[in-house]
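Going left to right, the sequence shown walks through residues 1 to 79 as the UniProt record's numbering numbers them.
Worksheet for the structure shown next.
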Amino acid sequence: MAKANVRYKPNMAFLRKIGTKLRQLREQKNLTLEELADLAGISYKYLQEVETAKYSFTVSVLHSITRALGISLAEFFKK
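What follows is the structure, given as structure tokens:
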């Protein structure tokens with residue numbers, strides 16, 4: 001039986017909500033994009049793309065960002 005040709009499509013509305021929340025938390029901690037990216041071990045450009053929902057990202061990346069913000073993933077999704 002042939003497999004259906006299904007393409008993954010990220011939920012952009014969900015990614016925008018996550019990006020907006022990350023930006024708000026970053027601003028509350030008075031961190032620049034560069035500072036948070038450095039703390040999270042990712043590039044400034046990649047963090048900018050996460051915050052603006054340009055691309056989807058892995059849970060591992062989100063975990064690195066939330067750790068750099070001083071909160072757990074569980075806390076991030078509770079707020």
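C-beta atoms are modelled at their ideal positions from N, C-alpha and C, and glycine is treated no differently.
Quick caveat: nothing in here was measured; it's all calculated off a predicted structure.
Quick one: grab the DSSP three-state call for residue i.
i, result
"S64", "helix"
"F57", "coil"
"K9", "coil"
"L33", "helix"
"L69", "coil"
Taking the alpha helix (DSSP H) that residue i belongs to, which residues open and close that run?
i, result
"R26", "M12 to Q28"
"K78", "L73 to K78"
Excluding the 5 residues preceding and the 5 following residue i in the sequence, name in chain order all residues of the same chain whose CB lies nearer than 7 Å to its CB.
i, result
"Y44", "L33, E34 and A37"
"F57", "V50"
"T66", "S72, L73 and F76"
"S64", "A40, G41 and I42"
Are the Cβ atoms of residue i and residue j separated by less than 8 Å?
i, j, result
"R16", "L69", "no"
"L47", "A40", "yes"
Within a Cβ cutoff of 6 Å, which residues of the same chain sit near residue i, ignoring the five residues on either side of it in sequence?
i, result
"P10", "S56"
Give every residue of the same chain whose Cβ lies closer than 8 Å to the Cβ of residue i, excluding the five residues on either side of it in the sequence, and list them in chain order.
i, result
"G19", "V50, E51, T52 and A53"
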